[in-house]
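Colleague: Numbering (the numbering used here), first residue to last: 276 to 400.
The structure that follows is given in the form of structure tokens.
As structure tokens, this is what we get:
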């Protein structure tokens, strides 16, 4: 219960903050450094891709999928690059091009209209 959670929190060491221009060429190296030694990683993209041009957003998604971990998951509430509407097939195509398989898709109103979960292709569900 609560005591076990509190004990774990006392041992918690905060993650190191790493600066990176997410539209620049250093993204794969910075992501690799950030998750070094981890076997599983979950990337959370919330209203981030809407600020990048489509090419930079697609590169960032690919860099996430290419992370050297056993499993890579992506949780997003954002606008996927090149997807103008909310068609699930379009979202699945963009994520597949980046190396992810779409697990769940829940479109919603607003700028960050694409919401869902994806896992790197080949990873266990």
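Note that CB positions come from ideal geometry on N, CA and C, so glycine has one too.
#1: Looking at the secondary structure, which residues open and close the alpha helix (DSSP H) in which residue 336 lies?
#2: For the putative contact between residue 306 and residue 342, defined by C-beta atoms under 8 angstroms, what is the C-beta separation to the nearest angstrom?
#3: Which residue's Cα is closest to the Cα of residue 329: 316, 378, 299 and 384?
#4: What three-state label does DSSP hand residue 369 in the structure shown?
#5: Using three-state DSSP, classify residue 317 as helix, strand or coil.
#6: How is the beta strand (DSSP E) around residue 392 delimited, first residue to last?
#7: Any chance the segment 310-324 sits against the segment 343-363, with 3 or more Cβ pairs inside 8 angstroms?
#8: Could you give the distance in angstroms between the alpha-carbon of residue 375 and the alpha-carbon of residue 366?
#9: Per DSSP, which residues does residue 351 bridge with? Please list them.
#10: Can you tell me whether residue 356 is buried or exposed, with buried defined as 16 or more other CB within 10 angstroms of its CB?
#11: Could you tell me the distance, in whole angstroms, from the CA atom of residue 391 to the CA atom of residue 318?
Modeller: Checking against the coordinates, here is how it stands:
#1: Within the chain shown, numbered from 1, the residue matching residue 336 stands at position 61. Here the alpha helix (DSSP H) through residue 336 covers 329-340.
#2: Position 31 of the chain shown, counted from the first residue, corresponds to residue 306. Position 67 of the chain shown, counted from the first residue, corresponds to residue 342. The Cβ separation is near 6 angstroms, so the contact holds.
#3: In the chain shown, residue 329 corresponds to position 54, counting from 1. Nearest C-alpha to residue 329: 299.
#4: Stepping through the chain shown from its first residue, residue 369 is reached at position 94. Three-state result, residue 369: helix.
#5: Position 42 of the chain shown, counted from the start, is the residue given in the question as residue 317. If DSSP states are grouped into helix, strand and coil, residue 317 belongs with the strands.
#6: In the chain shown, counting from the first residue as 1, residue 392 sits at position 117. Its beta strand (DSSP E) spans residues 389-395.
#7: yes
#8: Within the chain shown, the letter at position 100 stands for residue 375. Within the chain shown, the letter at position 91 stands for residue 366. Approximately 11 angstroms between the Cα atoms of the pair.
#9: For this step, residue 351 is matched to residue 76 along the chain shown. 320 and 391.
#10: Within the chain shown, residue 356 is the residue found at index 81, counting from 1. So residue 356 ends up on the buried side.
#11: Your numbering for residue 391 matches position 116 in the chain shown. Your numbering for residue 318 matches position 43 in the chain shown. Roughly 12 angstroms between the two C-alpha positions.
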